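Working notes for the structure below.
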Amino acid sequence: MPNSEVITHDVIIVGAGLAGSWAAMATAQQGVKDVGVLSKIHPLRSHSGAAQGGIAAALNNVRPVPGTGPRGPLEQIPVGDELVDSTELHMFDTIKGSDWLGDQNAIEIMVNDAIDVIYEYEHMGCVFSRTPDGRIAQRRFGGHSAPRANYAADRTGHVLLHTIHEQALYHGVKFYAEWYVMDLIVEDNAVRGVVAIDVLTGKIHLLRAKAVMFGTGGYGRAFKITSNAYANTGDGVAIAYDAGVPLMDMEFVQFHPTGLYQHGILMSEACRGEGGYLINKNGERFMEKYAPDKMELAPRDLVSRSEQTEIDEGRGVMDDGQGIFLDMRHLGREKILERLPQVRDIAIDFVHVDPIDDPVPIQPTAHYSMGGIPTDVHGQVIADASGTPVVGFYAAGEAACVSVHGANRLGTNSLLEASVFGRRAGYAIAEFIKGGAKLLPVTGDPAERSRQAVKELLDNPGTELVEDIAQELKANMTMNCGIFRDEERLNIALDKVHELQQRFKNARVMDKGSRFNTDLLATLEAKHLLTFSEVIVKGALNRTESRGAHSRTDHPKRDDEDWLKHTIAHKGEDGRPQFSYKDVTLYWDRFPPQERKY
Amino acid sequence: MSNNNAQRTVTVRIQRFNPDTDKKPYMQDYQVEMKPGMTVLDALHEIKTHQDGTVTYRRSCRHAICGSCAMHINGRNTLACNTPLKNEVTHKNTVTIGPLPYLPVIKDMVVDRTTFWEEYLRVKPWLIPPDDIPEKEFRMSQDEVKALHDAETCIMCGACYSSCAVIGLNKKYIGPHALLKSFMRVLDPRDSSPAERLEEVSGADGVYRCHTIFNCIDACPKGLNPTQAIETLRKLAQKRQKLEEARRERQKHLNEPIPA
Ligand SMILES: Cc1cc2nc3c(=O)[nH]c(=O)nc-3n(C[C@H](O)[C@H](O)[C@H](O)COP(=O)(O)OP(=O)(O)OC[C@H]3O[C@@H](n4cnc5c(N)ncnc54)[C@H](O)[C@@H]3O)c2cc1C
Ligand code: FES
Numbered sequence: 032m033p034n035s036e037v038i039t040h041d042v043i044i045v046g047a048g049l050a051g052s053w054a055a056m057a058t059a060q061q062g063v064k065d066v067g068v069l070s071k072i073h074p075l076r077s078h079s080g081a082a083q084g085g086i087a088a089a090l091n092n093v094r095p096v097p098g099t100g101p102r103g104p105l106e107q108i109p110v111g112d113e114l115v116d117s118t119e120l121h122m123f124d125t126i127k128g129s130d131w132l133g134d135q136n137a138i139e140i141m142v143n144d145a146i147d148v149i150y151e152y153e154h155m156g157c158v159f160s161r162t163p164d165g166r167i168a169q170r171r172f173g174g175h176s177a178p179r180a181n182y183a184a185d186r187t188g189h190v191l192l193h194t195i196h197e198q199a200l201y202h203g204v205k206f207y208a209e210w211y212v213m214d215l216i217v218e219d220n221a222v223r224g225v226v227a228i229d230v231l232t233g234k235i236h237l238l239r240a241k242a243v244m245f246g247t248g249g250y251g252r253a254f255k256i257t258s259n260a261y262a263n264t265g266d267g268v269a270i271a272y273d274a275g276v277p278l279m280d281m282e283f284v285q286f287h288p289t290g291l292y293q294h295g296i297l298m299s300e301a302c303r304g305e306g307g308y309l310i311n312k313n314g315e316r317f318m319e320k321y322a323p324d325k326m327e328l329a330p331r332d333l334v335s336r337s338e339q340t341e342i343d344e345g346r347g348v349m350d351d352g353q354g355i356f357l358d359m360r361h362l363g364r365e366k367i368l369e370r371l372p373q374v375r376d377i378a379i380d381f382v383h384v385d386p387i388d389d390p391v392p393i394q395p396t397a398h399y400s401m402g403g404i405p406t407d408v409h410g411q412v413i414a415d416a417s418g419t420p421v422v423g424f425y426a427a428g429e430a431a432c433v434s435v436h437g438a439n440r441l442g443t444n445s446l447l448e449a450s451v452f453g454r455r456a457g458y459a460i461a462e463f464i465k466g467g468a469k470l471l472p473v474t475g476d477p478a479e480r481s482r483q484a485v486k487e488l489l490d491n492p493g494t495e496l497v498e499d500i501a502q503e504l505k506a507n508m509t510m511n512c513g514i515f516r517d518e519e520r521l522n523i524a525l526d527k528v529h530e531l532q533q534r535f536k537n538a539r540v541m542d543k544g545s546r547f548n549t550d551l552l553a554t555l556e557a558k559h560l561l562t563f564s565e566v567i568v569k570g571a572l573n574r575t576e577s578r579g580a581h582s583r584t585d586h587p588k589r590d591d592e593d594w595l596k597h598t599i600a601h602k603g604e605d606g607r608p609q610f611s612y613k614d615v616t617l618y619w620d621r622f623p624p625q626e627r628k629y
Numbered sequence: 053m054s055n056n057n058a059q060r061t062v063t064v065r066i067q068r069f070n071p072d073t074d075k076k077p078y079m080q081d082y083q084v085e086m087k088p089g090m091t092v093l094d095a096l097h098e099i100k101t102h103q104d105g106t107v108t109y110r111r112s113c114r115h116a117i118c119g120s121c122a123m124h125i126n127g128r129n130t131l132a133c134n135t136p137l138k139n140e141v142t143h144k145n146t147v148t149i150g151p152l153p154y155l156p157v158i159k160d161m162v163v164d165r166t167t168f169w170e171e172y173l174r175v176k177p178w179l180i181p182p183d184d185i186p187e188k189e190f191r192m193s194q195d196e197v198k199a200l201h202d203a204e205t206c207i208m209c210g211a212c213y214s215s216c217a218v219i220g221l222n223k224k225y226i227g228p229h230a231l232l233k234s235f236m237r238v239l240d241p242r243d244s245s246p247a248e249r250l251e252e253v254s255g256a257d258g259v260y261r262c263h264t265i266f267n268c269i270d271a272c273p274k275g276l277n278p279t280q281a282i283e284t285l286r287k288l289a290q291k292r293q294k295l296e297e298a299r300r301e302r303q304k305h306l307n308e309p310i311p312a
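Residue numbers (the numbering used here), protein chains in the order written: chain A, 32 to 629; chain B, 53 to 312.
Quick look at the structure:
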């Protein structure tokens, strides 16, 4: 690879989804203009744009028609009438959804900032769906006890992402589209910059900055059936971990109840929010058994487990019995066309079923990464359980763990989290820079080290195909570290990860060129999958309880005595994760732990 | 589901070009086992990961929302990720894939969209809001939202842009994607600068450059109609002062409930 220049900015942001773009926009808005945003794909291709259903905030625009019960049809709340929602209720729902693992100070900030963030989106031009009197339209979502999912048909993420990207451009943020960050530089617990590949040329650059922020998204691609985009390979998480930064609560992975059968592509929870049913082979609405009150709109961990139980007990649909039907026919053509047009196209394109006429086969799909890089409520990354800051390093969105979702995220809370904490990180970074932050020196030539690493990969005469290693990993994670877990399977999973890490040393990159080498990128991504999967599995093995999305059949109960705490994993000297634990922030007087029933 | 789709081997014919090593583009054939439900993107993935890692294309979401994977498939611009392979296989058992036309090729199916994004930037895609920002949301009617629906669905994949005969003639032209964006802002009751926007798009390289050949409509994988939006912009450009006045009037009530 040819040599290359050093690039310097006050602030470098990695990732241009909602978290990264908000941070960039807010930093620039606060007067710190020298901001560079790196994204491995064009900003508008970021996975935030794939979000469908909505973004939570207790705006109190709609309510169930009085007298029709909590599942009745929705109408706008007439001016002056009693309100149905509150930030307090949003907070409680989120805490309960998190199975009490969420930090309540962070959740409180999120639900309060929510209202303002939604209005800011609207004022910036975001085109939300509307109530008849012109307010932002809201629908129901799982685990939320009021209709508070603010939406734009079923492409909410798309409109939010376009809006915030436009604003970042307006504020003069510089974007490096198709730059792949491969290393983070931290020395003496202070950030120095990143090393990145300019994908077009293949040149590897050192980028120095006073502050670095990661908004690199989730890690769902470690699983075989997933709703996540190809890009969601948890790069940021793995890169930070390799640089000595800890990861938190990585064992908590959300499985969404309605991925398209065999594809995993998402059928939004809005399908159920608008009234869709889940049906087994016998035509039963089986959620009656598992969540008699909330039914299909129970939180995702519970619904996915219920589906998997139906499947495991022989009541699944399709030839192999691995599916469940999502039935929306009773919603009628008009509602489906108006509220769920994208979802309908997806079902037609990929399983050739029109939801207007037939039930859609679905199955649980790996969807959301609750764990990530630990931060405080300002996006400041912390280095240990006692909260020591990694100076100048920030994170937000799905790559981060602040933690508002705890053991299980509620739908519509993550677009919210990425926006609220992306914005807060932006404000904090601007303060940090204005407070006189310095460009710290870098020891040696980190870009040269990265160049060597890439050269070694390219020169490796290995015999293993990267894809085969990645596929084996994904199958292993889905089978042995999936919806239901136990010690035996987790041990198998861990052995497999170790075996694949070894085999990766014999991996062969087929494309040896420098120009737009996506084969090389896929290889780096596979390495990242192998890195953090070990942390997921080991964390899951250690946690001998069931909480939220982490369900151990050999330890079926939540154990607050021993496990009401966050998992923190550092990369040890031997390259293996070292674990410590961090207290959960609870308001014992307001929201003490309760049994979680729906 | 796709039981009418017996397994068989198909030929995927790919236009290859790496300017670093190739003098000019050439075609290369790959054989792929067609599995039920396979998309064109799945076939490319199979080739790239198991046969030839140098085959290069963009992709991310794999369900037609991120706009990465627009390419030229059997002579037509479309998305690879939501195009079923079996629909594209011709009687010769072959599907032919190349980059979007008229744009410089970076490598294989990866094209240089620089001008595309420049034009997008040029129409100022962001909202220019009124000075008076309410405490809550601006009120918009359901019909006002509906009018923006199409423009708002655009995923900026470039299929329209690279099917446009005007772009093909190498003329400077804002392009259907950016005009659609401009249309979206011009029609948004919250936008305060419709006249200025119309001024910008009605120059020589703007709405009048469109020859209404409708290629963009055929090309759009989201079923949108940029030509119609362009025609609307033309009409509005004629009476932009009137529109500006009407907008000022409308904006006096942005804070009030939409009457029943
Ligand atoms: C199908 C689907 C539907 C969803 N629907 C909803 C919903 O309705 N409501 C809700 O609240 N949440 C939803 N979610 C979750 C939500 O969309 C995500 O959690 C959120 O958008 C994450 O935003 P982000 O900014 O953290 O990351 P992303 O939007 O994923 O952005 C990550 C960014 O990091 C960049 N990046 C990553 N690695 C590198 C690297 N090595 N170098 C350079 N750049 C890099 C990428 O290019 C990208 O720009 C959904 C998720 C999925 C999968
Ligand atoms: S991969 Fe996103 S549009 Fe095709």
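C-beta: ideal position from N, C-alpha, C; glycine also.
Note that the coordinates shown come from a computational prediction; the quantities given were computed from them, not determined experimentally.
Listed by chain order, chain B residues near residue i by CB distance under 8 Å
| i | result |
| --- | --- |
| A:Phe254 | Per Cβ cutoff of 8 Å: no residues; A:Phe254 is ~15 Å from chain B at best. |
| A:Met541 | Asp104, Gly105 and Thr106 |
Contact check, residue i vs residue j, beta carbons under 8 Å
| i | j | result |
| --- | --- | --- |
| A:Ser129 | A:His436 | yes |
| A:Ala438 | A:Met401 | yes |
| B:Ser234 | B:Cys268 | no |
| B:Pro177 | A:Glu197 | yes |
| A:Val374 | A:Met326 | no |
| A:Pro163 | A:Gln107 | yes |
| B:Ile310 | B:Ser120 | no |
Cβ-heavy atom distance, residue i to ligand 1, below 7 Å
| i | result |
| --- | --- |
| A:Ile72 | yes |
| A:Glu197 | no |
| A:Gln394 | no |
| A:Asp266 | yes |
| A:Ile149 | no |
| A:Gly133 | no |
| A:Ser79 | yes |
| B:Ser120 | no |
Heavy atom of ligand 2 within 7 Å of residue i beta-carbon
| i | result |
| --- | --- |
| B:Arg114 | yes |
| B:Ile125 | no |
| A:Ile296 | no |
| B:Ala132 | yes |
| B:Arg165 | no |
Buried/exposed call for residue i, threshold 16 Cβ in 10 Å
| i | result |
| --- | --- |
| A:Trp619 | exposed |
| A:Gly295 | buried |
| A:His559 | buried |
| A:Met244 | buried |
| B:Met79 | exposed |
| A:Asn522 | exposed |
| A:Gln609 | exposed |
| B:Phe69 | buried |
| B:Ala256 | exposed |
| A:Thr99 | exposed |
| A:Val566 | buried |
| A:Gln293 | buried |
Listed by chain order, chain B residues near residue i by CB distance under 9 Å
| i | result |
| --- | --- |
| A:Ser52 | Those within 9 Å of A:Ser52 in chain B number zero; the least Cβ separation is about 13 Å. |
Per-residue contacts from residue i into chain A (C-beta, under 7 Å)
| i | result |
| --- | --- |
| B:Ala271 | Chain A residues near B:Ala271: none, gap ~17 Å exceeds 7 Å. |
The region 342-353 of chain A contacting the region 366-382 of chain A, beta-carbon criterion three pairs below 8 Å: no
Touch test, the region 41-60 of chain A against the region 72-81 of chain A, Cβ-Cβ under 8 Å, three pairs minimum: yes
Cβ contact check for the region 240-248 of chain B and the region 300-309 of chain B: 3 or more pairs under 8 Å: yes
Touch test, the region 191-211 of chain A against the region 53-61 of chain A, Cβ-Cβ under 8 Å, three pairs minimum: yes
Meets three-Cβ-pair contact criterion under 8 Å: the region 153-170 of chain B and the region 546-558 of chain A: yes
Touch test, the region 308-318 of chain A against the region 406-426 of chain A, Cβ-Cβ under 8 Å, three pairs minimum: no
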